[in-house]
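*Asks:* One structure, as structure tokens, below. Some questions next.
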Amino acid sequence: MTQSISRLALLCALGAPAAALPQDLLPKAAPQAQPVLLQGATVHVGDGSAPRTADVYFAEGRISFVGEGASPAADVQVVDAAGKHVYPGLVLATSTLGLVEVEAYDMTRDQREAGDMNPEVYASVAVNPDSWWLPVARRNGVLVAGVFPQGGTVPGRASSIQLDGWTTEDMTLDADSGLVVRWPLDRPSRFGGGGGRSAEERVEEIDALFQAAKAYHAARKADPDGTPSDLRFESMGSVLRAETPVFLELSSREQAEQAIRWALENELVPRVIGGRNVLQFTDVLKRHGVMVSIPGTHRLPGRRDRSYRSTYELPAALEERGVDWCMTMPIGASANARNLAYEAAAAIAHGLAEEAALRSITQSAARFLGVEDRVGTVEPGKQATLFLSDGSPFDLTTKIERAWIGGREIVLEDKQTALYEKYRKKYGR
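Right, here's the structure in full:
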């Protein structure tokens with residue numbers, strides 16, 4: 004009997020994590036049923052311009068008017084936004100949102116495929132629409148994100164998603180935002196799938212993959228019926244035609260010079276996922292007009308001899324040098340995606356203008372992902388992906404009161420708000 008009870012307890016203990024896997028139980032937003040007019044708000048466009056008092060009108064998921072003196076029709080939902088602020092939905096340029104739920108629990112991690120070269124992998128396919136990190140992030144204004152596959156030298160294709168939807172198809176803004184290439188270091192990486200090969204050998208493998216893809220597309224064009232289809236090479240067509248970028252993960256000047264030169268020689272569109280050492284190669288980025296993302300400010304400096312202020316001052320330094328950049332967070336820090344605005348706020352306290360900080364996590368981040376024609380600013384023609392707040396998202400005390408994704412009003416609740424209400428009632432009795 005004792006042995007049976009012990010076995011039962013063990014089975015219950017083993018089963019507990021599976022039963023407790025976090026899932027977002029909130030309903031998804033319904034399509035926009037009627038036009039919405041936000042009247043008299045302070046509108047922050049997100050393009051670096053100064054805020055102004057204006058009305059914002061959107062219908063069928065798109066913004067059609069931003070200005071003064073809008074006259075609402077009878078069927079319009081009018082929101083008195085006087086004293087409130089309208090911001091574009093924040094864009095987290097690089098993340099694993101929806102791909103990783105519990106880092107220590109293997110069954111909830113789907114950010115990497117086996118193998119070193121997987122150009123046919125699309126990150127959006129693996130996104131979990133019920134991830135509990137999505138409502139937590141959007142409650143702090145993050146409404147759009149880039150999701151990046153990890154592992155290996157060519158882990159796959161980044162995708163752009165909106166943080167609400169019943170299915171991955173509902174959530175996907177752009178399944179193919181670009182191909183990720185983790186440019187080799189000058190030594191084999193413990194985490195990058197180098198397999199003990201030298202950096203030179205791995206660069207040759209990257210080049211061989213692209214040359215083979217070029218040859219395949221040339222053969223398909225010349226003889227489509229006689230050339231067997233290859234899924235890996237077929238998926239590389241958009242990047243070879245320069246329709247989508249190649250995202251180069253790198254951290255040193257040597258890598259930047261080599262990787263950007265290689266991309267331009269192959270007539271690709273490079274974008275750089277940079278680290279803490281971006282200032283070492285800003286001249287390379289400017290010379291070739293290459294955009295770079297930087298992984299936030301809440302990090303230690305890359306070297307012990309650097310001031311702790313260096314990460315906080317990096318955005319202002321990039322802005323001063325005229326580098327094309329956007330603010331994001333470390334790809335593996337997606338559980339803290341809600342802190343995106345606070346990462347930018349630290350840069351404001353160290354010399355970056357507030358509107359430039361906002362631009363870095365809205366318009367610029369959207370442009371980094373290639374979705375700036377749809378999201379990132381509050382302008383006519385864009386999707387109505389925005390939020391209404393009682394203050395600046397850079398301020399910890401600000402409350403986001405309402406938010407819309409493509410005109411669909413989303414629920415601003417999550418597990419944390421539910422727990423707050425639960426224990427507020429418990430201790431109030």
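Residue numbers (this note's numbering): 4 to 432. Note that CB positions come from ideal geometry on N, CA and C, so glycine has one too. These numbers were taken from a predicted model, which means no experiment stands behind them.
Would you please state the rounded distance, in angstroms, between the beta carbons of G43 and A77? I believe it to be under 8 Å.
*Replies:* With a Cβ gap of about 20 Å, G43 and A77 do not count as contacting.
*Asks:* Cβ of F151 within 7 Å of Cβ of T111?
*Replies:* No; because the gap between Cβ atoms is not below 7 Å, this pair is not in contact.
*Asks:* Counting C-beta neighbours from all protein chains within 10 Å, is the total for A368 16 or more, i.e. buried, or is it exposed?
*Replies:* buried
*Asks:* DSSP on Y311, reduced to helix/strand/coil?
*Replies:* coil
*Asks:* Pick helix, strand or coil for I276, following the three-state DSSP scheme.
*Replies:* strand
*Asks:* For G159, count neighbouring C-beta atoms within 10 Å of its own C-beta (all shown protein chains included) and say buried if the count is 16 or more, exposed if not.
*Replies:* buried
*Asks:* For the alpha helix (DSSP H) containing A421, name the first residue and the last one.
*Replies:* 418-431
*Asks:* So the candidates are V206, D113, G101; which of them puts its Cα closest to the Cα of M120?
*Replies:* V206
*Asks:* Ends of the alpha helix (DSSP H) at L267?
*Replies:* 256-268
*Asks:* In the DSSP assignment, find the unbroken alpha helix (DSSP H) run with R362 in it and report its ends.
*Replies:* 357-363
*Asks:* Considering only C-alpha positions, which residue in the set T331, T420, G379, L391 is nearest to T99?
*Replies:* T331
*Asks:* To the nearest angstrom, how far is the alpha carbon of G325 from that of S363?
*Replies:* 13 Å
*Asks:* Under three-state DSSP, which class holds L102?
*Replies:* DSSP places L102 in coil when its eight states are reduced to three.
*Asks:* Do A140 and L102 have their beta-carbon atoms positioned less than 7 Å apart in this structure?
*Replies:* No, these two residues do not count as a Cβ contact at 7 Å.
*Asks:* Is it the case that the Cβ atoms of A266 and V249 are separated by a distance below 7 Å?
*Replies:* It is a contact, given that the beta carbons lie within the stated cut-off.
*Asks:* Cβ atoms of L41 and V89: under 7 Å apart, would you say?
*Replies:* Contact flag set, yes.
*Asks:* Evaluate K402 with the Cβ neighbour count: other Cβ atoms within 10 Å of its Cβ, from every protein chain shown; 16 or more gives buried, anything less gives exposed.
*Replies:* The C-beta of K402 has fewer than 16 other C-beta atoms within 10 Å across all chains shown, which makes the residue exposed.
*Asks:* If you measure between the beta carbons of L182 and G144, is that distance less than 7 Å?
*Replies:* No.
*Asks:* Give the DSSP-derived three-state secondary structure of V414 in the structure shown.
*Replies:* coil
*Asks:* What does the Cβ neighbour count give for L24, buried or exposed, with the cut at 16 atoms within 10 Å?
*Replies:* Note that L24 scores 46 on pLDDT, short of 50, meaning its location in the model is unreliable and no value can be drawn from it.
*Asks:* According to DSSP, is S136 part of a helix, a strand, or is it coil?
*Replies:* Note on identity: in this sequence residue 136 is Trp, with Ser being the wrong assignment. Residue state, collapsed to three classes: helix.
*Asks:* Short of 8 Å in beta carbon distance, which residues of its chain neighbour A348, apart from the five on each side in sequence? Order them along the chain.
*Replies:* A360, F397, D398
*Asks:* Would you call the CB atoms of V39 and A57 closer than 7 Å?
*Replies:* No; because the gap between Cβ atoms is not below 7 Å, this pair is not in contact.
*Asks:* Quick one: using the 10 Å Cβ neighbour count with 16 as the cut-off for buried, is Y315 buried or exposed?
*Replies:* buried
*Asks:* Does the beta-carbon of T1 have 16 or more other beta-carbons within 10 angstroms, so that it is buried, or is it exposed?
*Replies:* In the structure as shown, the chain begins at 4 and stops at 432. Residue 1 is therefore absent and cannot be evaluated.
*Asks:* In whole angstroms, what separates the C-alpha of G168 from that of I351?
*Replies:* Distance between G168 and I351, taken at the CA atoms: about 33 Å.
*Asks:* Under a three-way DSSP split, which group does Q366 fall into?
*Replies:* helix
*Asks:* Starting from D210, trace the beta strand (DSSP E) both ways and give me its first and last residue.
*Replies:* Unbroken run through D210 is the alpha helix (DSSP H), 202-225; no beta strand (DSSP E).
*Asks:* Hey, could you find the ends of the beta strand (DSSP E) A406 is sitting in?
*Replies:* 403-408
*Asks:* Report all residues from its chain with a CB closer than 8 Å to the CB of S296; omit the five preceding and five following residues, and keep chain order.
*Replies:* A96, T97, R274, V275, I276, G277, W328, C329, M330, T331, A368, F371
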